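Since the structure comes first, as structure tokens, the remarks are kept for the end.
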Amino acid sequence: MEFKNLNICIEIQKALQDEKYSTPTPIQEKAIPAILSGRDLLGLAQTGTGKTAAFAIPCLQLLQNKKHNNKMQKYPIRALVITPTRELALQIYESFNTYGKYLPLKSAVIFGGVSQNPQEEILKKGVDILVATPGRLHDLMNQGLISLSEIQYLILDEADRMLDMGFIQDIKKILKKVPEKRQTLLFSATMSKETQNMADSILKNPIKVQITPVSSTVDAVKQMVYFIDKENKKNLLIQLLKEENMESVLVFTKTKHGADRLVKQLGKEKIAASAIHGDKSQGARQKALGDFKNKTLKILIATDIAARGIDIDELSHVINYDIPNIPETYVHRIGRTGRAGQTGIAISFCDHFEKEFLKDITKLIRKQIPIVEDHPYPIQNTIPVEKQPRPEPRNKTKESGKRR
Ligand code: AMP
755 MEFKNLNICI
765 EIQKALQDEK
775 YSTPTPIQEK
785 AIPAILSGRD
795 LLGLAQTGTG
805 KTAAFAIPCL
815 QLLQNKKHNN
825 KMQKYPIRAL
835 VITPTRELAL
845 QIYESFNTYG
855 KYLPLKSAVI
865 FGGVSQNPQE
875 EILKKGVDIL
885 VATPGRLHDL
895 MNQGLISLSE
905 IQYLILDEAD
915 RMLDMGFIQD
925 IKKILKKVPE
935 KRQTLLFSAT
945 MSKETQNMAD
955 SILKNPIKVQ
965 ITPVSSTVDA
975 VKQMVYFIDK
985 ENKKNLLIQL
995 LKEENMESVL
1005 VFTKTKHGAD
1015 RLVKQLGKEK
1025 IAASAIHGDK
1035 SQGARQKALG
1045 DFKNKTLKIL
1055 IATDIAARGI
1065 DIDELSHVIN
1075 YDIPNIPETY
1085 VHRIGRTGRA
1095 GQTGIAISFC
1105 DHFEKEFLKD
1115 ITKLIRKQIP
1125 IVEDHPYPIQ
1135 NTIPVEKQPR
1145 PEPRNKTKES
1155 GKRR
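Numbers in my numbering are just positions in the sequence shown, counted from 1, shifted up by 754.
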């Protein structure tokens, strides 16, 4: 299968050639014809499957083919993509620009945490495609700066994460302002009851496309776990970073504070690393991400929410410095490596308290993660779990909550 077999216009095909994309990924193969045929779509796919192009390509093509008849506005917003984080919003916006570079369509991106003035200016000139995080979109709508009355294509990306982050009310209010007659696409990595309810309420007779079920971890990723006491994790990390040939490493910590502390500890060992998390300014995050992407920075330390949507093609290693208490998060994390056919390595450091979380993870992925027995910091603390303080409740993420 090639892109030209998917009835994609020549302008988009040319842009894809520039990107050196030769064949569509499985989700693209299934979703592009479905979307071009005008159907609503429920896409169950993680980041790394090529899902952004799977909706951006047909959306661009449909917009190009179908002219609008709004006499008042040259560029009314006709396609709206709602996505949970700024990083993801930026990446989707860039994807629309990349695949649509030979088309006369205009796009814009809006997200919170930065001044709204430049975003307002761009919106005033008019855009065909708007990529937005829910909070800022809702704010600008309330101020009368955005009209969604001409929306023909509505895309909800990473719906599960938007619900996790508490955006449901913003989304409900946004949906009220979008015309009933539209084509709607909803993408989600996992399908909880809440996500299913949302899908049921906004999609009409959708085609369902499922790519990597969350329970089957990306096969291209080699997984391993080290059992280790919490206080030794830092030493093991330093040793691995010094000895193993790691090209680009994304290290996940549970807290923002933990990420910052690790950067300092590595700094003392002359290992350069940067942290990204919700307390960092947008500029600092983008700089760290930029350096990481262009390989001037080898080690990036992130919390889950900040890392959501990071799109790096050749990430060699993911290290779970802390084991996530939500098993799906493990799947999201390790999906950062082993992308687009590359092999990746996912290393987890598990202390005694985290063994329960690891059990939940192996249950979800339905396989045991190989244990590295031979290492210099074998676990000493083996007091039975019931005699120790309980780990945090499972439904709590350390860095959750709305961001505007
Ligand atoms: P996504 O799942 O949208 O985050 O995409 C993951 C990565 O795959 C991105 O870096 C895309 O640039 C890349 N990608 C998407 N489609 C293709 C394709 N057909 N061939 C090669 N790479 C692709």
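We treat Cβ as the ideally placed atom computed from N, Cα and C, and that holds for glycine. Predicted model, so just to flag it, every value in this text is computed and none were measured.
(request) Tell me, to the nearest whole angstrom, how far the beta carbon of R1087 is from that of F1006; I am working on the premise that it is less than 8 Å. (result) In the sequence shown, counting from the first residue as 1, residue 1087 sits at position 333. In the sequence shown, counting from the first residue as 1, residue 1006 sits at position 252. About 5 Å separates the two Cβ atoms, so the contact holds.
(message) Between which two residues does the alpha helix (DSSP H) holding H892 run?
(response) Taking the sequence shown and counting its residues from 1, the one referred to as residue 892 is at position 138. Residue range P888 to N896 is occupied by the alpha helix (DSSP H) that includes H892.
(request) Report the partner residues of T938 according to the DSSP bridge assignment. (result) The sequence position of residue 938 within the sequence shown is 184, counting from 1. Residue pairing for T938: DSSP places it in a beta bridge opposite L908.
(request) Rounded to whole angstroms, what's the CA-CA distance from R1120 to P1081? Just pull it up for me. (result) Taking the sequence shown and counting its residues from 1, one reaches residue 1120 at position 366. Taking the sequence shown and counting its residues from 1, one reaches residue 1081 at position 327. Roughly 11 Å between the two C-alpha positions.
(message) Just to confirm my understanding: we take A1042, look at its own chain, exclude 5 residues before and 5 after, and list those with CB closer than 8 Å. What are they?
(response) Walking along the sequence shown from the start, residue 1042 turns up at place 288. S1028, A1029, I1030, K1034, L1051 and L1054.
(request) Work out the CA separation of L844 and S1002 for me, nearest whole Å. (result) Working through the sequence shown from its first residue, we reach residue 1002 at position 248. Working through the sequence shown from its first residue, we reach residue 844 at position 90. Distance from the CA atom of S1002 to the CA atom of L844, rounded to whole angstroms, is 21 Å.
(request) Verify whether the separation of the beta carbon atoms of Q950 and A1100 is less than 7 Å. (result) Counting from 1 along the sequence shown, the entry for residue 950 is found at position 196. Counting from 1 along the sequence shown, the entry for residue 1100 is found at position 346. Taking 7 Å as the Cβ cut-off, Q950 and A1100 do not qualify as a contacting pair.
(message) Once DSSP output is grouped into helix, strand and coil, what is the label at E997?
(response) By 1-based counting over the sequence shown, the position of residue 997 is 243. DSSP places E997 in helix when its eight states are reduced to three.
(message) Please list the terminal residues of the continuous alpha helix (DSSP H) segment that includes F850.
(response) In the sequence shown, the residue the question calls residue 850 occupies position 96. Segment R840 to Y853, the alpha helix (DSSP H) holding F850.
(message) DSSP three-state label for G1155, please.
(response) On the sequence shown, residue 1155 is found 401 positions in, with the first residue counted as 1. In this prediction, G1155 has a pLDDT of 40, which is less than 50 and means its spatial position is unreliable; nothing more can be read from the coordinates.
(message) Here's the rule: buried if 16 or more other CB atoms are within 10 angstroms of the residue's CB, otherwise exposed. What is T839?
(response) The residue you call residue 839 lines up with position 85 of the sequence shown. By the 10 Å Cβ count, T839 comes out buried.
(request) Report the three-state DSSP secondary structure of Y1084 (helix, strand or coil). (result) If you number the sequence shown from 1, residue 1084 lands on position 330. Residue state, collapsed to three classes: helix.
(request) Could you spell out where the alpha helix (DSSP H) holding N819 opens and where it closes? (result) To locate residue 819, count along the sequence shown from 1; it is residue 65. Counting along the chain, N819 sits inside the alpha helix (DSSP H) bounded by residues K805 to N819.
(request) Note down the Cα distance separating T698 from I1025, rounded to an integer number of angstroms. (result) One cannot answer for residue 698 here, as it falls past the ends of the chain, which runs 755 to 1158.
(request) Give me the Cα-Cα distance between A810 and G880, rounded to the nearest whole angstrom. (result) Position 56 of the sequence shown, counted from the first residue, corresponds to residue 810. Position 126 of the sequence shown, counted from the first residue, corresponds to residue 880. Rounded to the nearest angstrom, the two C-alpha atoms are 19 Å apart.
(message) Taking only three categories from DSSP, how would you classify A1042?
(response) For this step, residue 1042 is matched to residue 288 along the sequence shown. Correct three-state label for A1042: helix.
(message) Using a Cβ-based criterion (distance less than 6 Å to any ligand heavy atom), does K879 qualify as near ligand 1?
(response) Within the sequence shown, the letter at position 125 stands for residue 879. Not so, every heavy atom of ligand 1 lies at least 6 Å from the Cβ.
(request) May I ask you to list the residues that DSSP assigns as paired with C1104? (result) On the sequence shown, position 350 is the one that residue 1104 refers to. Beta-bridge pairing by DSSP links C1104 to F981.
(request) Can you tell me the Cβ-Cβ gap for A807 and Q782, rounded? I've got them flagged as a contact below 8 Å. (result) Position 53 of the sequence shown, counted from the start, is the residue given in the question as residue 807. Position 28 of the sequence shown, counted from the start, is the residue given in the question as residue 782. Contact holds; Cβ gap of about 6 Å.
(message) Quick test of the definition: if touching needs 3 or more C-beta pairs under 8 Å, does the stretch 857-873 touch the stretch 902-913?
(response) Flag = no, the stretch 857-873 and the stretch 902-913 do not touch.
(request) Use the C-beta contact count for T1097: other C-beta atoms within 10 angstroms, 16 or more gives buried, fewer gives exposed. (result) As a first step, residue 1097 is located in the sequence shown; it is residue number 343 there, counting from the start. Residue environment for T1097: exposed (fewer than 16 other C-beta atoms within 10 angstroms of its C-beta).
(request) Below 6 Å CB to CB, which residues in the same chain sit around Q906 once its five sequence neighbours on both sides are set aside? (result) For the purposes of this step, residue 906 is taken as residue 152 along the sequence shown, with counting starting at 1. For Q906, same chain residues with a beta-carbon under 6 Å away, outside a window of 5 residues either side, are R832 and R936 in chain order.
(request) Would you decide whether D1105 is buried or exposed? Buried here means 16 or more other CB atoms lie within 10 Å of its CB. (result) Indexing the sequence shown from 1 puts residue 1105 at position 351. Classification of D1105: buried, given that the 10 Å Cβ count is 16 or more.
(request) Taking 7 Å as the cut-off, decide whether the C-beta atoms of E765 and Y856 are in contact. (result) Locating residue 765 in the sequence shown gives position 11, counting from the first residue. Locating residue 856 in the sequence shown gives position 102, counting from the first residue. Between E765 and Y856, the CB-CB gap stays under 7 Å.
(request) On a CA-only basis, which of P858, K962 and P1078 is nearest A785? Give me that one, please. (result) Residue 785 sits at position 31 when you count from the first residue of the sequence shown. For A785, the nearest C-alpha among the options comes from K962.
(request) Using the Cα positions of A1013 and N761, report the straight-line distance between them to the nearest angstrom. (result) As a working note, residue 1013 is residue 259 in the sequence shown. As a working note, residue 761 is residue 7 in the sequence shown. Computed Cα separation, rounded: 46 Å.
(request) From the DSSP output, read off the bridge partner residues of N1074. (result) Here residue 1074 corresponds to residue number 320 of the sequence shown, with the count starting at 1. Under DSSP, N1074 takes part in a beta bridge, and its partners are F1006 and S1102.
(message) I'd like to confirm something about T803: is its beta-carbon nearer than 6 Å to some heavy atom of ligand 1, or not?
(response) The sequence position of residue 803 within the sequence shown is 49, counting from 1. T803 Cβ: within cutoff of ligand 1.
(message) Buried or exposed for G797, going by 16 or more other Cβ atoms inside 10 Å?
(response) Locating residue 797 in the sequence shown gives position 43, counting from the first residue. G797 should be labelled buried.
(message) Buried or exposed for P1078, going by 16 or more other Cβ atoms inside 10 Å?
(response) As a first step, residue 1078 is located in the sequence shown; it is residue number 324 there, counting from the start. Result: buried.
(request) Figure out for me which residue from V1017, L894, S901 and L940 has the closest Cα to the Cα of R793. (result) On the sequence shown, residue 793 is found 39 positions in, with the first residue counted as 1. Residue L940 is the option with its Cα nearest to R793.
(message) Looking at the secondary structure, which residues open and close the alpha helix (DSSP H) in which K926 lies?
(response) The residue labelled residue 926 in the question sits at position 172 within the sequence shown. Its alpha helix (DSSP H) spans residues I922 to K930.
(request) Going by CA-CA distance only, name the one from E841, L834 and N989 that's closest to H1129. (result) In the sequence shown, the residue the question calls residue 1129 occupies position 375. For H1129, the nearest C-alpha among the options comes from N989.
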